[in-house]
Amino acid sequence: MRPGLEAKRLVIKVGSAVLAGPKGLEQEVMAEIARQVLALRQEGREVVLVSSGAVAAGMAALGLPRPQDMPTKQALAAIGQPLLMAYWREAFTPTPVAQVLLTAEDLASRGRYLNAKATLQALLRLKAVPIINENDTVAFQEIRFGDNDQLSARVAALVEAGLLLLLSDVDALYEDDPKKNPSARPIPEVERVEAVLAHAGEGNPLGSGGMRSKLLAARIAGRVGIPTLLLPGRRPGVILEALAGAPLGTYFHARRRYRGQRAWLYSLLRPKGELVLDAGAVRALREKGASLLPAGIKAVRGRFGRGEAVRLLTEAGEEVGVGLANYAAEEIERIKGHKSAEIEALLGYRYTEEVVHRDHLALKEEAWGS
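Sequential numbering of the sequence shown, starting at 140, is according to the numbering used here.
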């Protein structure tokens, strides 16, 4: 049995390539997915659904081709989002559904992250089905998740799911593109995502993610200990069969389990700045589980305030981890390379002796393959 198949809480992502055909959203496909989700709820499981399809629904409503410019895409998402939710509401009747729209910025803010987490937990307590989509009408390049594959991975970390399921228009990850190489074999299990990232393809024209995006999502989820299962979303009963142990799709193993604040830290898209550390500080963090002291800091990059997340790097540029800074960038610039006992003399005050406390630090490990 693949670990996580028995998980009580699941995040299921379904892409527009699964939901939409040439004439728009296909309600019979949505009804089949809803049937399986409701069956899982009867087993006592909790399900959060991440659904694409708003742009495809808007395109069909206006009879337009897929737009190339962002404003038109955002406008079509605004038109299609209520249609998407109306179809899901009908598919899940009489079970209530809830619309949740998120941007990357929502989950980068610790306060908004916690608010989103509390809302989703309340929806699950109320026995509603949360249906999440990226807020395409306001998200733009610098704050976008990029696609719902990666959004679903971050949502899985947010709700502390035991398994992430990606429903795709392909039945598995293959050794090669099966459209170009009919003899290509499916890969049933992946231990390390990095080893197969070269297999990423362009994906279905109706989907913005492609295989590479799904691999990146599996890597994001795996970093916080959540395995991922890629399945052929249009196959009837595929979710229930796979969770019952059928060897379907491709299973991606998880490498580590972080919860709470550390999971949030490592799921951040863009920490606010960077601290470059000397070799001694890197060893102390990795081998001794120590906090980061100012003496071990060689350089400060970016502008950030006290309490904001920063990426920790070696002098060669290798990422060590992500942590919350106890001092602002300009303060660290003044105390870097100095002993903690000198902080008050240099600044005129001292918050703590650590620049990043070990309790507010998520280390990146080579075992993750990332």
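Virtual Cβ for every residue (Gly too), placed ideally from N, Cα, C.
Residue 176 in three-state terms, based on DSSP: helix
Within 7 Å, strictly: CB atoms of residue 421 and residue 459: yes
Note down, in chain order, each residue of its chain lying with its Cβ closer than 7 Å to the Cβ of residue 444, except the 5 sequence neighbours on either side. If we look at residue 444 and ignore the five residues flanking it on each side, its Cβ neighbours are 467.
Proximity of residue 153 and residue 187 at Cβ, strictly below 7 Å: Contact: no.
Does DSSP put residue 154 in a helix, in a strand, or in coil? coil
Inter-residue spacing [alpha-carbon to alpha-carbon] between residue 272 and residue 214: Spanning the two alpha carbons is a distance of roughly 15 Å.
Step through the CB atoms of chain D and report whether any lies within less than 7 Å of the CB of residue 291. No chain D appears in this structure, which consists of one protein chain only.
For residue 119, the three-state DSSP class (helix, strand or coil): An answer regarding residue 119 cannot be provided, because it is not within the stretch 140 to 509 covered by the chain.
Could you check if residue 491 belongs to the surroundings of the ligand ATP, using beta carbon to heavy atom distance under 6 Å? Only the bare structure without any ligand can be found here, which leaves the ligand ATP out of the picture.
Delimiting residues of the alpha helix (DSSP H) encompassing residue 501: Residue 501 -> not in any alpha helix (DSSP H); beta strand (DSSP E) instead, spanning 500–502.
Are there three or more Cβ pairs, one per stretch, closer than 8 Å when the stretch 156–176 is compared with the stretch 230–242? yes
Could you check where the beta strand (DSSP E) with residue 270 kicks off and where it finishes? Residues 268–273.
Could you give the distance in angstroms between the alpha-carbon of residue 482 and the alpha-carbon of residue 496? Whole-angstrom Cα-Cα distance: 16 Å.
Own chain partners of residue 384 with C-beta closer than 7 Å, once the 5 adjacent residues on each side are dropped: 140 and 144
Sequence-distant residues of its chain with Cβ nearer than 7 Å to residue 369 (five each side left out): Excluding sequence neighbours, residue 369 sits near 305, 307, 311, 312, 353, 388 and 389.
Of the residues 265, 463, 293 and 334, which one's Cα is nearest the Cα of residue 252? 293
For residue 274 versus residue 240, is the C-beta distance shorter than 7 Å? yes
Helix, strand or coil for residue 258, going by three-state DSSP, please let me know. helix
Grab me the residues of residue 493's own chain with a C-beta within less than 8 Å of its C-beta, minus the 5 sequence neighbours each way, in chain order. 430, 431, 432, 465 and 479
Residue 238, DSSP secondary structure in three states: strand
Could you give the DSSP three-state label for residue 365: helix, strand or coil? coil
For residue 326, the residue or residues it bridges with in DSSP: 312
Would you report the Cα separation of residue 437 and residue 451, rounded to the nearest angstrom? 11 Å
Can you have a look at residue 427 and say buried or exposed, based on whether 16 or more other CB atoms are within 10 angstroms of its CB? exposed
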